[in-house]
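Using the working numbering, read the sequence shown as starting at 116 and increasing by one per residue.
Using N, Cα and C, we set each Cβ at its ideal position, and we do this for glycine too.
The structure appears right after this line, and notes come after that.
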Amino acid sequence: LTPEGRALLDEVRDTDPARELAVATRLRRDHPADLVSAALGQARLRQRAVAKFGAEDAGRMFFTPNGVEQSTRASVAAYRAGRFKELGITSVADLCCGIGGDAIALARAGIRVLAVDRDPATAGAARANAEALGLGELIEVREADVTEVDTAGYDAVFVDPARRGGRSGGAARSASVRGGGRATGGRIFDPEAYSPPLSWAVEAARGASRAAALKVAPGIPHEAVPDDAEAEWISDGGDVKEAVLWFGTAPGAVRSTLLPGPRTLLGTGLPDPEVRTPGRYLYEPDGAAIRAHLVAEVAEQVGGGLLDATIAYVTADELVPTPYATAYEITDRMPFNVKKLKALLRERRVGTLTVKKRGSAVEPEELRRKVRPQGPNAATVFLTRVAGAPTMLIGHPVRTASGGSGRAT
116 LTPEGRALLD EVRDTDPARE LAVATRLRRD HPADLVSAAL GQARLRQRAV
166 AKFGAEDAGR MFFTPNGVEQ STRASVAAYR AGRFKELGIT SVADLCCGIG
216 GDAIALARAG IRVLAVDRDP ATAGAARANA EALGLGELIE VREADVTEVD
266 TAGYDAVFVD PARRGGRSGG AARSASVRGG GRATGGRIFD PEAYSPPLSW
316 AVEAARGASR AAALKVAPGI PHEAVPDDAE AEWISDGGDV KEAVLWFGTA
366 PGAVRSTLLP GPRTLLGTGL PDPEVRTPGR YLYEPDGAAI RAHLVAEVAE
416 QVGGGLLDAT IAYVTADELV PTPYATAYEI TDRMPFNVKK LKALLRERRV
466 GTLTVKKRGS AVEPEELRRK VRPQGPNAAT VFLTRVAGAP TMLIGHPVRT
516 ASGGSGRAT
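Listed below in structure tokens is the structure:
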């Protein structure tokens, strides 16, 4: 943050990683070695952060390695901030704020934010980011243990617990409360092994003045969702990003939200769809709908059923527009047989083969090596089960009115 440091950041902004050693050697002639290393480290992190924050913001912000990895994607944070705004929320206590990605989105929605993290470097990055983006008047950053912060003066609480184990004191999101369960260098799947544990976060949410949101892993077991919470699964561009437990909104409700949009599918409590014979079209539900257990709602929209009772592929005879699934036209169906598939692809002159699977142990790359597709055409093969039997379905994405492929919109 010093003038010398900022000048170095500007100088190394677009450094090619392949030239980093040469650049470092040159700069160390006139600057302290640790400052040069820090500037080059920030340049690398800013380049990584572009995917989440966009080039303009990422080029001005400050990051920790964990902060880049665990920060919410800006589009998702903006959507969540919009929901708070729709609820009439004017102030939020952001507990476990990390480098400030969510606080930034809330402030840009006009919401006053108390951003709390106990790690000094992380809190420092959050404070620097608020200033760098011109949001310092709306964001107060506090270096503290979230379990000791009084949130009574705020309309709402937002908690984003750490969901990775084996992290150092420089973790992007940290709190002193530690739960039991697995804590390795990978993702944590037991909600009580979050830091802080989900049970603490739930109680903090229930104590909020008007509303609260808890960011949790999209793989959270449905039985771990409290009865008084609304559960929302969010995808962005087809990739599932997170689940959010909302308090003070619609207790017991389940929804999946697709970005950009947003488009939201609400659960209606439908029973599981019936298993039926494959029709002309296969629908692959968006991952957020699958995680939210709303495949039945998708099937109802398209008038379809399941290929297999345990697999989230929907089949139907008609093409029905829905943003909640990608539609494929199926041209061939056969029992799993690599030789027959290879012969069919050779006959169709398929050189570009997309392999998708659900309910199959075969790895896509292994199948591609075996069939060795060649030719100018493209196809998609689904390795799945039909009424329990290993099956291959061959087809292609449905073309949309705009000429693209994918969702039947």
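In terms of DSSP beta bridges, what is S350 paired with?
Under DSSP, S350 shares a beta bridge with V355, L373.
Quick check on G519: does DSSP put it in helix, strand or coil?
The pLDDT assigned to G519 is 41, lower than 50, so where the model puts this residue is not dependable, and the model offers no usable value.
With DSSP collapsed to three states, give me the class of P400.
In the structure shown, P400 adopts extended strand secondary structure according to DSSP, grouped into three states.
Only counting the same chain, and skipping five residues up and downstream in sequence, which positions put a Cβ closer than 8 Å to that of A339?
Correct list, in chain order: P306, L313.
6 Å Cβ shell around A332 - same chain, five flanking residues per side excluded:
In the same chain as A332, and ignoring 5 residues on each side of it, the C-beta atoms closer than 6 Å to its own belong to R278, in chain order.
Considering only the alpha carbon of each residue, which of V183, A238, S190, L409 lies closest to D209?
Cα-wise, what sits closest to D209 is A238.
Close-in-space but distant-in-sequence residues of the same chain around Y194 (CB under 8 Å, 5 per side omitted):
Taking C-beta separations shorter than 8 Å and ignoring five residues to either side along the sequence, the partners of Y194 in its chain run I349, T372, L374, P377, following chain order.
Give me the Cβ distance between D432 and G474, rounded to the nearest whole Å; I'm assuming they're in contact under 8 Å.
That pair is no contact at about 22 Å.
Using three-state DSSP, classify H511 as helix, strand or coil.
The answer is strand: DSSP assigns H511 an E or B state.
What does a CB cutoff of less than 8 Å around D354 pick up in its chain, not counting 5 residues either side in sequence?
Excluding positions up to five away in sequence, the list reads G402.
Let me know the beta strand (DSSP E) ranges lying completely inside the segment 180-238, each 3 residues or longer, listed in chain order.
Under the rule that a run must span 3 or more residues, the beta strand (DSSP E) segments found entirely inside the segment 180-238 read 206-210, 227-232.
Would you mind stating whether A241 and G215 have Cβ atoms separated by less than 8 Å?
In contact: A241 and G215 (Cβ atoms closer than 8 Å).
My understanding is that L150 touches G182, with C-beta atoms under 8 Å, so please give their C-beta distance in whole angstroms.
Actually they do not touch by this definition, with Cβ atoms about 20 Å apart.
Short check: CB of I204 to CB of D270, under 8 Å?
Contact: yes.
CA-to-CA distance, A427 to L142, given in whole angstroms
The alpha-carbon atoms of L142 and A427 are separated by roughly 55 Å.
Using DSSP with H/G/I as helix, E/B as strand and the rest coil, what is V435?
Secondary structure at V435: coil, using DSSP grouped into helix, strand and coil.
Assuming S186 and G213 make a contact with CB atoms under 8 Å, what is their CB distance in whole Å?
The distance from the Cβ of S186 to that of G213 is about 6 Å, consistent with a contact at the 8 Å cut-off.
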